[in-house]
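Reading through the structure tokens given below for one structure.
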Amino acid sequence: MKNFYTEEQWNEILKQQESVLRYDTFTRKQALELGLLIAEITGEKYHGSVAVRIVEDETTVFAYKMEGATLEADWWMTNKLAASRLTGMSSLRALTASRAGELEASWKVREENFFVCGGCIPVFMRDGSRPFAYVMVSGMDTGTIIR
34 MKNFYTEEQW
44 NEILKQQESV
54 LRYDTFTRKQ
64 ALELGLLIAE
74 ITGEKYHGSV
84 AVRIVEDETT
94 VFAYKMEGAT
104 LEADWWMTNK
114 LAASRLTGMS
124 SLRALTASRA
134 GELEASWKVR
144 EENFFVCGGC
154 IPVFMRDGSR
164 PFAYVMVSGM
174 DTGTIIR
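Each step along the sequence shown adds one to the number in our numbering, with nothing skipped, and position 35 is 68.
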């Protein structure tokens, strides 16, 4: 797997980001609005190479691929989702928490099935008990995800 660049302070930033994405309810209309917002923002910066997917349980409730996005984006998003589901946190936070010694790298047993890098974040219930959905992107640089 690629050796992704991270910075030590990212772990705390990512924890804060996850605490912001907590809702009393998360409807499919909200998923559509969030997906369209992500597509709009990333389209302005990346000009056609980003893919976005939002899943609820096993159901895709939003999916959009810009003109330059390829089938490989689906592969990346699926494996980022697997890492997020396994760890209960964003795929990038799984990487930073592992590097900080806060999380055992349990995905290493079958590393080809889990991508611990930026690109998948859970949308939690307000109490943090479980995620409503997962938001995935592919084709962005990690620094943009942190900002």
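The beta-carbon is built from N, C-alpha and C at its ideal position, and this holds for glycine as well.
| Item | Value |
| --- | --- |
| Extent of the continuous beta strand (DSSP E) to which residue 88 belongs | 84-89 |
| Span of the alpha helix (DSSP H) around residue 102 | First-last for residue 102: undefined, no H or E at that position. |
| Cα-Cα separation between residue 110 and residue 156, rounded to whole angstroms | 16 Å |
| Span of the beta strand (DSSP E) around residue 166 | 164-171 |
| Where residue 96 sits in the DSSP three-state scheme | strand |
| Residues that DSSP places opposite residue 53 in a beta bridge | Residue 53 is not bridged to any residue. |
| Contact set for residue 161: own chain, Cβ-Cβ below 7 Å, skip 5 residues either direction | 55 |
| Residue span of the alpha helix (DSSP H) that contains residue 128, given as start and end | 124-132 |
| Option nearest residue 82 by Cα separation, candidates 120, 134, 115 and 97 | 97 |
| Residue 59: first and last residue of the uninterrupted beta strand (DSSP E) it sits in | No beta strand (DSSP E) holds residue 59; DSSP gives it neither H nor E. |
| Between the CA atoms of residue 59 and residue 46 - distance to the nearest angstrom | 23 Å |
| C-alpha distance - residue 126 paired with residue 137, whole-angstrom precision | 12 Å |
| Beta-carbon proximity check, residue 204 vs residue 72, cutoff 8 Å | Missing from the structure shown is residue 204; the chain here goes from 34 to 180 and no further. |
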